[in-house]
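Protein chains in written order, with this note's numbering: chain A, 548 to 725; chain B, 548 to 725.
Glycine included, every Cβ here is placed at the ideal spot set by N, Cα and C.
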């Protein structure tokens, strides 16, 4: 499974592409950041983010785009920009028919470090180890985007089993327990 | 000046097109709502909003797109969807090189009713009167989109004079007072 992770933001939008399946070593295919100048018009910044994400999608053709789920409880001054950048990422993926998966920051941290309250350094260290990199990707937004992609690869089997169970139940069939 | 106002929302995105200049009677060119089903995937909803707004831009070719400025202090359960829908509207406009103007809800209310704390009914009544309609546009999102467009037409001259004054000051010239 090839997943493009997006850590959304107007100033720095982290992008990371990871390939693999749960239970096997993972491979990083690319990592980077789409930046837009803080003094540019908001509309122009959203267009620049769209162009940047389109390029990443063209280059890597992911099967899934995993985006950080934004909560409004977060830092009030940045949350609107984060929501707007995430909307552009979801729009770009959905327009191509690529499924979009959302994971919360604590789900991502728990997936890669075992703790939903891990700090940035811990996430960076685990991303480095899991992808066998020489050093943690910089900036943190890039490392977070890779963590999102890893999180999706590892959570997807459980989510799929859950969806199958729900579908079985809905169709009236008797689900087998495993 | 032809302005397309957008009252952003995922379930109902209000659209209203108004033509005119400050101090003259205004004309409504169109009003409507782009709707997306609440049970659809978020990415698909954003794509549907993009398609809807693109159609309105194609039909009416506005010179400016006025979008409600979203604050994170608002209703927490809907603010993220509002931010995401507004991002799509700004993206569509900026991609075509159409300037995007943001106005807060209280600026819009103050512009059309004289009070920044007017209720929906008051805004609807004034929009009906100012555009010489037979009845208030329904739903309220459609009336709000028209109010945004009216607000922009009326505020634009003051904003332009302010920008000119700032530019004059920045260039070192001595600004004339009017």
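Check: Any C-beta of chain B sitting closer than 7 Å to the C-beta of residue 706(A)?
Finding: no
Item checked: Length of the line joining the Cα atoms of residue 562(B) and residue 692(B) -> 5 Å
Next item on the list: State the DSSP-derived secondary structure class of residue 562(B), mapped to helix, strand or coil.
Entry: strand
Next item on the list: Count the other C-beta atoms from every protein chain shown that fall within 10 angstroms of the C-beta of residue 610(B), then say buried if there are 16 or more, exposed otherwise.
Entry: exposed
Next item on the list: May I ask you to report which of helix, strand or coil DSSP gives residue 599(B)?
Entry: helix
Checklist line | For residue 554(B): DSSP bridge partner residues | finding: 561(B)
Check: Which of the three DSSP states, helix, strand or coil, is assigned to residue 665(A)?
Finding: coil
Item checked: Residue of 713(B), 712(B), 696(B) and 625(B) minimising C-alpha distance to residue 574(B) -> 696(B)
Next item on the list: Let me know if residue 597(B) comes out buried or exposed under the rule of 16 or more other beta-carbons within 10 Å of its beta-carbon.
Entry: buried
Next item on the list: Just mark residue 725(B) as buried or exposed, buried being the case when its beta carbon has 16 or more other beta carbons within 10 Å.
Entry: The pLDDT assigned to residue 725(B) is 39, lower than 50, so where the model puts this residue is not dependable; a value taken from the coordinates is nonetheless given after this. Label assigned to residue 725(B): exposed.
Notebook entry, point to check: Does the stretch 696–716 of chain A come close enough to the stretch 564–574 of chain A that 3 or more CB-CB pairs lie under 8 Å?
Noted result: yes
Notebook entry, point to check: With a cut-off of 7 Å, does the C-beta of residue 640(B) fall near any C-beta of chain A?
Noted result: yes
Next item on the list: May I ask whether a heavy atom of the ligand GTP can be found less than 6 Å away from the beta carbon of residue 651(A)?
Entry: Ligands in the displayed structure: none, and consequently the ligand GTP is not present.
Notebook entry, point to check: Alpha carbon to alpha carbon, what distance is there between residue 651(A) and residue 653(B)?
Noted result: 33 Å
Next item on the list: Return no unless some Cβ of chain B is closer than 7 Å to the Cβ of residue 551(A).
Entry: no
Checklist line | 6 Å CB neighbourhood of residue 671(A) in its chain, flanking five on each side removed | finding: 683 and 690
Margin query: Please state the DSSP three-state secondary structure of residue 673(B).
Written below: helix
Check: How far does the alpha helix (DSSP H) with residue 654(A) in it reach, from first residue to last?
Finding: 652–660
Next item on the list: Name the one or two DSSP bridge partners that residue 649(B) has.
Entry: 614(B)
Next item on the list: Check whether the Cβ atoms of residue 648(B) and residue 613(B) lie closer than 7 Å to each other.
Entry: yes
Notebook entry, point to check: If the cut is a Cβ gap below 7 Å, which residues of chain B does residue 673(A) touch?
Noted result: Within 7 Å Cβ-Cβ: nothing; residue 673(A) doesn't reach chain B, min ~28 Å.
Note to self: Counting only C-beta atoms, is residue 604(A) closer than 7 Å to chain B at any point?
What the structure shows: no
Notebook entry, point to check: According to DSSP, which residues form a beta bridge with residue 578(B)?
Noted result: 563(B)
Check: For the stretch 590–616 of chain A, which residues have a CB atom closer than 7 Å to at least one CB atom of chain B, in sequence order?
Finding: 590, 591, 593, 594 and 597
Margin query: For residue 627(A), would you say it is in contact with chain B, using Cβ-to-Cβ distances shorter than 7 Å as the test?
Written below: yes
Margin query: For the stretch 588–604 of chain B against the stretch 627–640 of chain A, do three or more pairs of beta-carbon atoms, one drawn from each stretch, fall closer than 8 Å, so that the two count as touching?
Written below: yes
Next item on the list: Using the Cα positions of residue 642(B) and residue 601(B), report the straight-line distance between them to the nearest angstrom.
Entry: 11 Å
Next item on the list: Express the C-alpha separation of residue 566(B) and residue 552(B) in angstroms, rounding to a whole number.
Entry: 11 Å
Item checked: Cutoff 8 Å; reference residue 577(A); Cβ partners in own chain excluding five residues on either side -> 562, 563, 564, 603, 606 and 607
Next item on the list: Pull out every residue of the stretch 640–656 of chain A whose Cβ sits closer than 9 Å to any Cβ of chain B, in chain order.
Entry: 640, 641, 642, 645, 646, 647 and 649
Notebook entry, point to check: What are the partner residues of residue 708(B), as DSSP defines its beta bridges?
Noted result: Per DSSP, none; premise fails for residue 708(B).
Next item on the list: Please name the residue, chosen from 615(B), 632(B) and 661(B), that lies closest to residue 582(B) on a Cα-to-Cα basis.
Entry: 632(B)
Next item on the list: Compare the C-beta of residue 636(A) against all C-beta atoms of chain B and say whether one is closer than 7 Å.
Entry: no
Check: So which residues on chain A does residue 587(B) lean against when the C-beta distance must stay under 9 Å?
Finding: Per Cβ cutoff of 9 Å: no residues; residue 587(B) is ~10 Å from chain A at best.
Notebook entry, point to check: So, does the CB of residue 714(A) fall closer than 7 Å to a CB anywhere in chain B?
Noted result: no
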